[in-house]
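Novice: My structure is below; once you've seen it, I'll send some questions.
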Amino acid sequence: MADSTTTPLLSSLSASSKPLPSLDSTIERCIGGFSWTQFLQAILVSIAWLFDAQQTFISVVTDADPTWHCNINSSTSICNSASSNICQLPQNSWSWDLPPQVSIISEWSLQCSSSFLTGLPASSFFMGCLVGGLLLATLADSSLGRKNMLFYSCLIMSLSSLLTVLFSTNVWIYSIFRFICGFGRATIGTCALVLSTELVGKRWRGQVAVTGFLFFTLGFLSLPAMAYINRGSSWRNLYIWSSIPSLIYCILVKLFVGESPRWLFVRGRREEAVSILKSIATIDNNGKSITMSFFGNVQLEEESWNVDIYSAIKILFQNKWSFRRLCLVMVIGFGVGMVYYGMPLGLGNMSFNLYMSVTFNALSELPSSLITLFLIDKMNRRSSLLGFTSLSGICSLLSVIVGKNMNWTSFQLGLELVSFFSACTAFNITMVYTLELFPTCVRNSAVSIARQALVLGGVFSPVLAAAGRKNGFWSYGIFGLVIGFCGLFVVFLPETKGGRLCDTMDEEEHKAVVNDHHI
């Protein structure tokens with residue numbers, strides 16, 4: 363008799379103690395499958411990477427050292443285009459191979475200037491990225507959201523690029539516009555990455571992330587093609603060709619891209635979130651129509667710390683586990699960024715055709731993205747990141763040694779391509795890894811800060827690339843040592859392969875404690 367009365371009571375207690383569904387599991391139920399609307403949204407968002415790449419590497423062509431030749435009437439004993447120092451020759455003894463306006467170096471007579479001045483525009487761009495990332499990144503987690511931040515970032519980048527064409531009359535004004543361009547561009551990649559991955563379920567997260575990297579590759583690859591078509595024309599044409607399509611893209615983002623439903627839920631805007639979910643996936647995995655009732659019992663506590671636009675940054679630094687993860691990711695990102703952004707800038711130092719070198723480097727990003735695309739679900743984040751950073755460092759150092767033998771130019775380029783390929787793959791994995799390490803409420807801020815560490819490595823790259831014109835160790839040698847050392851810090855991070863995305867700091871901290879307990 364006692365059993366008959368207690369059994370219903372126990373069942374009732376068991377039912378009442380059943381945990382409420384999490385936001386992640388409920389959204390996964392809605393968009394865990396695949397729909398063409400999701401796919402088109404993710405593709406449209408990922409296109410932003412294409413214009414991001416063009417502005418990141420455009421200085422490889424516009425700021426390059428042009429080739430020159432000795433004038434016919436000059437004395438061969440005075441002028442030798444293969445061995446003479448152009449700065450020690452009489453002005454009338456040599457001429458540029460192409461019109462002066464093909465590069466800022468020849469147009470503004472910077473051929474004999476210091477490496478600081480010639481590298482200033484590229485360094486200014488990366489400094490703008492650094493400042494913009496620190497000031498703008500948290501807006502995507504707080505007031506503006508992912509979509510609006512992506513729109514405004516693209517708009518600032520496009521307009522500043524267009525104004526560069528109209529008002530750059532010397533290297534100083536040009537550097538200011540490059541700084542503004544970098545400032546606007548700073549959050550494009552992170553917003554595109556976070557927004558596109560939050561529009562799909564866990565199964566497609568890695569593939570969608572890598573789609574952005576593929577567009578970045580296409581953007582990089584488009585530069586040598588545009589430069590070759592415009593060879594002999596002004597460097598300003600490249601900015602026109604890249605800025606106008608980017609402005610058109612801004613309009614498409616404003617009209618057709620939806621906001622992240624995860625971010626809307628975290629900000630308490632449930633009706634908007636459900637509307638977005640309905641537009642990208644009208645039925646859930648079980649074939650039922652998506653309604654507001656799906657989310658009536660979702661367990662999602664309000665984050666009491668999220669009170670202003672910089673709350674995300676504050677909480678990342680206040681929590682020991684998030685601060686530790688962030689510091690480690692930043693160290694790794696710094697090393698990867700120095701090689702990723704620096705190697706293309708150093709291509710002019712090699713005894714190889716510039717157009718071909720840039721093309722080969724851009725093409726090496728393609729297999730990198732494809733490998734990440736098809737193997738991201740199978741690769742452990744820690745071991746793969748450690749392997750690629752080590753390989754990049756070794757090949758970069760070897761390229762310095764081989765480069766001392768002028769007969770091994772092709773072999774040196776091969777080593778440089780392997781190093782750059784490995785850095786590209788490490789870059790891709792770092793970005794995916796970082797967004798998996800942090801919850802929705804701070805994810806964009808965390809990814810942005812990690813990306814600023816990548817950019818910080820890029821700030822030093824132009825100066826090192828310029829210094830490498832005299833001694834290759836100061837460019838590729840330093841690159842190899844830094845990425846190899848920084849990559850070692852990945853062993854202190856947790857593995858995230860196949861894990862679920864958390865939405866709050868408490869949820870992520872609880873998961874970390876559970877994982878540590880199991881280990």
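In my numbering, the protein residues as written are 363 to 881.
Using N, Cα and C, we set each Cβ at its ideal position, and we do this for glycine too.
1) Does the separation of the CB atoms of Gly897 and Phe545 fall below 7 Å?
2) Using the beta-carbon count (16 or more within 10 Å), is Glu664 buried or exposed?
3) Where do the ends of the beta strand (DSSP E) carrying Cys432 lie?
4) Could you check which residue in Trp456, Gln680, Met700 and Val422 has the C-alpha nearest to that of Cys848?
5) I need the boundaries of the alpha helix (DSSP H) containing Trp411, first residue and last residue.
6) Output the residue ranges of the alpha helix (DSSP H) runs that lie fully inside the region 508-571 and measure 4 residues or longer, sorted by chain position.
7) Going by DSSP in three states, Arg862 sits in which element: helix, strand or coil?
8) Relative to the C-alpha of Ser558, which residue among Arg805, Leu517, Ile542 and Phe679 is closest?
9) Closest by CA to Phe575, which one among Leu728, Ala785, Ser746 and Val493?
10) Exposed or buried, Cys449, counting other C-beta atoms within 10 Å across all chains shown (16 or more means buried)?
11) Nearest to Ser604 by alpha carbon, out of Thr418, Ala499 and Phe773?
12) Can you give the Cα-Cα distance for Leu735 and Trp470, rounded to whole angstroms?
13) Where does Ser505 fall in DSSP's three states?
14) Given a threshold of 16 other Cβ atoms within 10 Å of its Cβ, counted over all protein chains shown, does Trp398 qualify as buried or as exposed?
15) Within the same chain, show all residues whose beta-carbon is closer than 6 Å to that of Lys509, passing over the 5 residues directly before and after it, in chain order.
16) Please list the terminal residues of the continuous alpha helix (DSSP H) segment that includes Ser457.
17) Where Ile550 and Ser837 are concerned, what is the direct C-alpha to C-alpha distance, given to the nearest angstrom?
18) For Val493, which residues in the same chain have their Cβ closer than 7 Å to its Cβ, ignoring the five residues on either side in sequence?
19) Rank Glu778, Ile409, Ser522 and Arg593 by C-alpha distance to the C-alpha of Cys882 and give the top, closest one.
20) Does Met793 pass the burial test, meaning 16 or more other C-beta atoms within 10 Å, or should it be called exposed?
21) Could you tell me how far apart the beta carbons of Pro824 and Ser485 are, in whole angstroms, since I believe they sit closer than 8 Å?
22) Only counting the same chain, and skipping five residues up and downstream in sequence, which positions put a Cβ closer than 6 Å to that of Asn723?
23) When you compare only the Cα positions, how much space is there between Leu662 and Gly704?
24) Report the rounded CA-to-CA distance for Val669 versus Asp503, giving the unit in angstroms.
25) Residues in its own chain within less than 7 Å of Ile840 by CB, not counting five upstream and five downstream?
26) Nearest-angstrom Cα distance between Ser312 and Lys616?
27) With distance defined between alpha-carbon atoms, name the residue in Ser505, Asn592 and Ser596 nearest to Ser530.
28) Beta-carbon within less than 7 Å of Ser730's beta-carbon, same chain only, minus the 5 sequence neighbours each way: which residues are those?
29) Measuring only the C-alpha atoms, how far is Thr500 from Ile675?
30) Taking the alpha-carbon of Phe815 as reference, which of Glu778, Leu688 and Glu869 has the nearest alpha-carbon?
31) For Trp625, which option in Phe488, Ile440, Leu406 and Met511 has the closest C-alpha, if you only look at C-alpha atoms?
32) Please name the residue, chosen from Leu525, Ile763, Phe854 and Pro623, that lies closest to Gly600 on a Cα-to-Cα basis.
33) Please state whether DSSP places Cys803 in a helix, a strand or coil.
Specialist: In terms of the structure at hand:
1) As shown, the chain starts at 363 and ends at 881. That puts residue 897 outside it, with no answer to give.
2) In the sequence shown, residue 664 corresponds to position 302, counting from 1. Low confidence applies to Glu664: its pLDDT is 48, below 50, so where it sits in the model is not reliable, and the reading given next is rough at best. Glu664 comes out exposed.
3) As a position in the sequence shown, residue 432 is number 70, starting the count at 1. Start and end: Trp430 to Cys432.
4) To locate residue 848, count along the sequence shown from 1; it is residue 486. Cα-wise, what sits closest to Cys848 is Met700.
5) Here the question's residue 411 lines up with position 49 in the sequence shown. Here the alpha helix (DSSP H) through Trp411 covers Ala410 to Phe419.
6) 533-547 and 550-560
7) Numbered from its first residue, the sequence shown carries residue 862 at position 500. The three-state reading of DSSP puts Arg862 in coil, since its state is none of H, G, I, E or B.
8) Position 196 of the sequence shown, counted from the start, is the residue given in the question as residue 558. Of Arg805, Leu517, Ile542 and Phe679, the residue nearest in Cα terms is Arg805.
9) Your numbering for residue 575 matches position 213 in the sequence shown. Ranked by Cα distance from Phe575, the options Leu728, Ala785, Ser746 and Val493 are led by Leu728.
10) Position 87 of the sequence shown, counted from the first residue, corresponds to residue 449. Burial call: exposed.
11) As a position in the sequence shown, residue 604 is number 242, starting the count at 1. Ranking the options by Cα distance to Ser604, first place goes to Thr418.
12) Walking along the sequence shown from the start, residue 735 turns up at place 373. Walking along the sequence shown from the start, residue 470 turns up at place 108. C-alpha of Leu735 to C-alpha of Trp470: approximately 43 Å in a straight line.
13) Taking the first residue of the sequence shown as position 1, residue 505 is located at position 143. Correct three-state label for Ser505: coil.
14) By 1-based counting over the sequence shown, the position of residue 398 is 36. Exposed is the call here.
15) Here residue 509 refers to the residue found at position 147 of the sequence shown. Excluding residues within five positions, the ones whose Cβ falls inside 6 Å are Val619 and Glu621.
16) Position 95 of the sequence shown, counted from the start, is the residue given in the question as residue 457. Judged by DSSP secondary structure, Ser457 falls outside any alpha helix (DSSP H) and instead within the beta strand (DSSP E) spanning Trp456 to Trp458.
17) Taking the first residue of the sequence shown as 1, we reach residue 550 at position 188. Taking the first residue of the sequence shown as 1, we reach residue 837 at position 475. Approximately 28 Å between the Cα atoms of the pair.
18) In the sequence shown, counting from the first residue as 1, residue 493 sits at position 131. Phe545, listed in sequence order.
19) In the structure displayed, the chain extends from 363 to 881; residue 882 sits before or after that span and is not available.
20) Numbered from its first residue, the sequence shown carries residue 793 at position 431. Counting Cβ neighbours within 10 Å, Met793 comes out buried, since at least 16 surround it.
21) Working through the sequence shown from its first residue, we reach residue 824 at position 462. Working through the sequence shown from its first residue, we reach residue 485 at position 123. With 8 Å as the limit, Pro824 and Ser485 qualify as a contact, their Cβ atoms being about 5 Å apart.
22) On the sequence shown, position 361 is the one that residue 723 refers to. Cβ within range, chain order: Pro706 and Phe782.
23) One-based indexing of the sequence shown puts residue 662 at position 300. One-based indexing of the sequence shown puts residue 704 at position 342. Model confidence at Leu662 stands at a pLDDT of 49, short of 50, so the residue's coordinates are unreliable and nothing is read from them.
24) The residue given as residue 669 occupies position 307 in the sequence shown. The residue given as residue 503 occupies position 141 in the sequence shown. Confidence in Val669 is poor, its pLDDT being 45 and thus under 50, which makes the residue's placement unreliable; the coordinate value appears in the next sentence. Distance from the CA of Val669 to the CA of Asp503, rounded to the nearest whole angstrom, comes to 11 Å.
25) Position 478 of the sequence shown, counted from the start, is the residue given in the question as residue 840. So the qualifying residues of the chain are Leu826.
26) Any question about residue 312 goes unanswered here, given that the chain covers just 363 to 881.
27) Position 168 of the sequence shown, counting from 1, holds the residue named residue 530. Per the Cα distances, Ser596.
28) Within the sequence shown, numbered from 1, the residue matching residue 730 stands at position 368. The beta carbon of Ser730 sits closer than 7 Å to those of Phe783, Cys786, Thr787 and Asn790, all from its chain and outside the five residues before and after it, given in chain order.
29) As a position in the sequence shown, residue 500 is number 138, starting the count at 1. As a position in the sequence shown, residue 675 is number 313, starting the count at 1. Their Cα atoms are separated by approximately 7 Å.
30) Mapped onto the sequence shown, residue 815 falls at position 453. The displayed chain sequence assigns Ala, not Phe, to residue 815. That would be Leu688, whose Cα lies nearest to the Cα of Ala815.
31) Within the sequence shown, the letter at position 263 stands for residue 625. If we check each option's Cα against that of Trp625, Met511 comes out closest.
32) For the purposes of this step, residue 600 is identified with residue 238 of the sequence shown, where counting begins at 1. Checking the displayed sequence, the identity of residue 600 turns out to be Leu instead of Gly. The shortest C-alpha separation from Leu600 is found at Leu525.
33) Counting from 1 along the sequence shown, the entry for residue 803 is found at position 441. Helix.
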